[in-house]
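Colleague: Sequential numbering from 836 applies to the sequence shown in the working numbering. Note that CB positions come from ideal geometry on N, CA and C, so glycine has one too.
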Amino acid sequence: MVQEVEAVRRTKVLSSFPAGDPYGSWPAEEYAARCRERGQRATVVMDLDRDSFLVVAVDADGSHSAA
Numbered sequence: 836m837v838q839e840v841e842a843v844r845r846t847k848v849l850s851s852f853p854a855g856d857p858y859g860s861w862p863a864e865e866y867a868a869r870c871r872e873r874g875q876r877a878t879v880v881m882d883l884d885r886d887s888f889l890v891v892a893v894d895a896d897g898s899h900s901a902a
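This is the structure:
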């Protein structure tokens with residue numbers, strides 16, 4: 836039996852863009868690309884509840900511990 840393992844990482848929302856934008860996720864992707872140019876690990880995710888694209892920074896080092 837194969838088990839899926841999901842890594843849980845802390846994220847910080849950097850910006851939000853409406854999913855109804857005529858350009859779709861492009862504005863969010865462009866913002867994330869600018870963040871990555873500055874050395875920040877940023878990615879775009881979809882928030883279905885709020886119908887928006889979120890640009891989030893991923894805490895890759897895992898230095899924060901969950902209590």
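Between Pro853, Leu849, Lys847 and Thr846, which has its C-alpha nearest aspartate 884's C-alpha?
Modeller: Pro853
Colleague: In this structure, how does DSSP classify proline 853 when only helix, strand and coil are distinguished?
Modeller: strand
Colleague: Nearest by alpha-carbon distance to aspartate 855: which of Asp886, Val891, Ala892 and Val893 is it?
Modeller: Position check: residue 855 holds glycine in this sequence, whereas aspartate was assumed. If we check each option's Cα against that of glycine 855, Asp886 comes out closest.
Colleague: Once the 5 residues before and after proline 847 are set aside, which same chain residues still bring their CB inside 8 Å of it?
Modeller: According to the sequence displayed, residue 847 carries lysine and not proline. Closer than 8 Å at the Cβ level, and outside the excluded window around lysine 847, lie Val891, Ala892 and Asp894.
Colleague: On the criterion of 16 or more Cβ atoms from any shown chain inside 10 Å, does alanine 868 qualify as buried, or is it exposed?
Modeller: exposed
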